[in-house]
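Numbering (this note's numbering), first residue to last: 56 to 370.
No residue lacks a Cβ here, since even glycine has one placed at the ideal position from N, Cα and C.
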Amino acid sequence: MRGAILRAMGPHITKAVIPAAGLGTRFLPATKAIPKEMLPVVDKPAIQYVVEEAVGAGLEDILMIVGRNKNALANHFDRVAELERNLEVKADTARLERVNYSTDLADVHFVRQGDPKGLGHAVLRAKKHVGDQPFAVLLGDDLIDARDPLLTTMIEEQERRNATVIALLEVDPDQIHLYGAAAVEPTENPDVVKVVGLVEKPDRADAPSNLAIIGRYVLRPEVFDVLERTEPGKGGEIQLTDALQVLAADESIAGGVYGVVFRGRRYDTGDRLDYIKAIIQLAVDRDDLGPDLRQWVKQFAAGLSDQIEGPGTGH
Ligand code: G1P
Numbered sequence: 056m057r058g059a060i061l062r063a064m065g066p067h068i069t070k071a072v073i074p075a076a077g078l079g080t081r082f083l084p085a086t087k088a089i090p091k092e093m094l095p096v097v098d099k100p101a102i103q104y105v106v107e108e109a110v111g112a113g114l115e116d117i118l119m120i121v122g123r124n125k126n127a128l129a130n131h132f133d134r135v136a137e138l139e140r141n142l143e144v145k146a147d148t149a150r151l152e153r154v155n156y157s158t159d160l161a162d163v164h165f166v167r168q169g170d171p172k173g174l175g176h177a178v179l180r181a182k183k184h185v186g187d188q189p190f191a192v193l194l195g196d197d198l199i200d201a202r203d204p205l206l207t208t209m210i211e212e213q214e215r216r217n218a219t220v221i222a223l224l225e226v227d228p229d230q231i232h233l234y235g236a237a238a239v240e241p242t243e244n245p246d247v248v249k250v251v252g253l254v255e256k257p258d259r260a261d262a263p264s265n266l267a268i269i270g271r272y273v274l275r276p277e278v279f280d281v282l283e284r285t286e287p288g289k290g291g292e293i294q295l296t297d298a299l300q301v302l303a304a305d306e307s308i309a310g311g312v313y314g315v316v317f318r319g320r321r322y323d324t325g326d327r328l329d330y331i332k333a334i335i336q337l338a339v340d341r342d343d344l345g346p347d348l349r350q351w352v353k354q355f356a357a358g359l360s361d362q363i364e365g366p367g368t369g370h
C-alpha cells in the first residue's frame, strides 16, 4: 500500500547499505573467526534483524560493506541445500520455513571495505552500487524493535523534504560522548527537528545537546562527494558525522539535514552488557520463550535483590 502510494509520487528508495566490517574486538574471542554481526540475538544473528528491518521498510536491495570475515554473512543469506533436505526428510516444516525465510529475505550484495578507515569510508564504498538515488544506511549495533517502524518514518520524511534524514535519540548527557551529537531547531512536527550542527563523540561539556545519532540514516547521493573530501576526524577515521555536518551547514548542497526523534524501543548490541540485555528484552516478548523466561527472570531477580549494589555498578 505504502509502496504503491510512493511509487505514484515518483522514484522511491530501494537500497540499504549495512556497514559490517568492524573487528568486533569487544566480543573477542567470540569474534575471532566470525563477524560480530553473526552473534545470535536469541536465535537469529544480529544482522538478520537489521536486514528484516530494511525489508520491512521496503528496501530489498541490500549492500553489506564487509571485512575479511565475510563468508559467514554471505552464507547466512544463501541456500544450504543439505540442511534444507535434512529438514524436509524430517518433515520439520517450522524450522525449514525459518531457514528459507532468511535465505529469501532480500537481494544481498557484498563489497569489501579494504582498510577499515571509519564509517564514512565504509559508506563511501557503496557509491557505485547506490548510484544517484537516495539510500538508507543501517548500523548493526542498534536494533530497532519491529513494532516501532523508525525507518519507514525516516524514508517518508526524506521523500517529503528531499533532504538528509538521521535518527536521533535522547540519551543521558553522561552517554553523549559515545555518539554523534546534534544541534537542532524545532520544525512544525514535534517528532522531526532541523539539524543545524553535528559533532562526533563530543565530551559532555562540548555536546550541543543530548540528542544522539543512532544508527539509521537516509542519505542523498551527494553525500558521496562530500565523503570523498572528508579528512580523517575523531579517532583518525573518516567520520560520516563530519560529512553530515557539511550538509547541515550548507543546505544548497543537498537540502539540509533533518532528524527524526525516536521514542520507541531500541536495543544496543554493541557491547557485552548491552548485548545480554538486548537478548533478554527481546526474548521476554516472544510468544514461544517469553512466558517461561519472564517467570524465570522474576525468580532470578528476586534471588539477586539482596546483592544489588545500586545502578552503575559492574561497569
Ligand atoms: C557510529 C557513528 C556515531 C553514531 C553511532 C550510533 O559510531 O560514528 O555518530 O552515534 O555509530 O551507533 P560507532 O558506534 O560506530 O563508534
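Per DSSP, what kind of secondary structure is residue i in: helix, strand or coil?
i      : result
Leu83  : coil
Lys353 : helix
Val164 : The sequence shown places His at residue 164, rather than the Val named in the question. Looking at His164 - three-state DSSP - the assignment turns out to be strand.
Lys256 : coil
Ala146 : coil
Leu359 : helix
Ala75  : strand
Lys99  : strand
Leu94  : coil
Val135 : coil
Gly173 : coil
Leu266 : strand
Ile293 : coil
Arg180 : coil
Arg271 : strand
Leu344 : coil
Leu114 : coil
Asp323 : strand
Gly369 : For Gly369, the pLDDT reaches just 43, beneath the cut-off of 50, and the residue's location in the model is therefore unreliable, leaving the point undetermined.
Ile334 : helix
Ile89  : coil
Ile120 : strand
Ile68  : coil
Ala63  : Low local confidence applies: a pLDDT of 46 at Ala63 is under 50, so the model's placement there is unreliable, with the coordinate-based value given in what follows. Helix at Ala63.
My guess is that residue i and residue j are in contact by the Cβ rule of under 8 Å, so how many angstroms apart are they, rounded?
i      : j      : result
Val250 : Gly314 : 5 Å
Leu174 : Pro74  : 6 Å
Ala237 : Leu223 : 6 Å
Leu118 : Glu283 : Contact flag wrong, Cβ pair sits at about 18 Å.
Asp329 : Gly270 : About 13 Å; that fails the 8 Å criterion.
Ile293 : Leu302 : Incorrect: roughly 15 Å between the Cβ atoms, too far for contact.
Pro90  : Leu128 : 6 Å
Ile120 : Val72  : 7 Å
Glu115 : Ala101 : With a Cβ gap of about 20 Å, Glu115 and Ala101 do not count as contacting.
Ala177 : Gly311 : Contact flag wrong, Cβ pair sits at about 24 Å.
Val110 : Tyr104 : The pair is not a contact, with the Cβ atoms about 11 Å apart (cut-off 8 Å).
Thr207 : Ala298 : Actually they do not touch by this definition, with Cβ atoms about 24 Å apart.
Of the residues the options, which one's Cα is nearest the Cα of residue i?
i      : options                           : result
Gly77  : Tyr104, Leu94, His67 and Ala71    : Leu94
Val154 : Gly311, Arg140 and Ala109         : Arg140
Asp159 : Asp197, Met119, Glu107 and Leu142 : Glu107
Leu266 : Asp200, His184, Glu240 and Ile89  : Glu240
Val278 : Leu359, Arg318 and Ala181         : Ala181
Glu225 : Arg318, Gly122 and Gln350         : Arg318
Ile221 : Ile210, Ile231, Gln188 and Arg215 : Ile210
Gly235 : Thr208, Asp280, Leu198 and Thr296 : Thr296
Glu214 : Ile199, Asp227, Ala201 and Gln188 : Gln188
Pro228 : Val352, Glu212 and Ser264         : Ser264
Arg321 : Gln336, Gly311, Ala309 and Val312 : Gln336
Leu151 : Thr285, Leu138 and Leu299         : Leu138
Gln350 : Ser360, Leu359 and Val339         : Val339
Lys183 : Leu194, His164 and Asp200         : His164
Ala191 : Thr148, Glu212 and Lys172         : Glu212
Lys289 : Gly311, Asp258 and Gly310         : Asp258
Arg167 : Val281, Glu306 and Arg123         : Arg123
Thr324 : Ala357, Ile199 and Val110         : Ile199
Pro171 : Asp305, Asp98 and Gly79           : Gly79
His232 : Gly169, Ile331, Ile268 and Ala149 : Ile268
Asn130 : Leu206, Ser157 and Arg275         : Ser157
Asp162 : Asp342, Ala201, Val144 and Arg134 : Arg134
Ala201 : Arg341, Leu142, Arg81 and Asn126  : Arg341
If we define contact as Cβ-Cβ less than 8 Å, is residue i a contact residue for chain C?
i      : result
Leu299 : In the displayed structure, chain C is absent; only one protein chain is listed.
Which runs of the beta strand (DSSP E) at least 3 residues long sit entirely within the region 182-248? Give them in chain order. For the region 182-248, whole beta strand (DSSP E) runs of length 3 or above, ordered along the chain, are 190-193, 197-199, 219-225 and 235-241.
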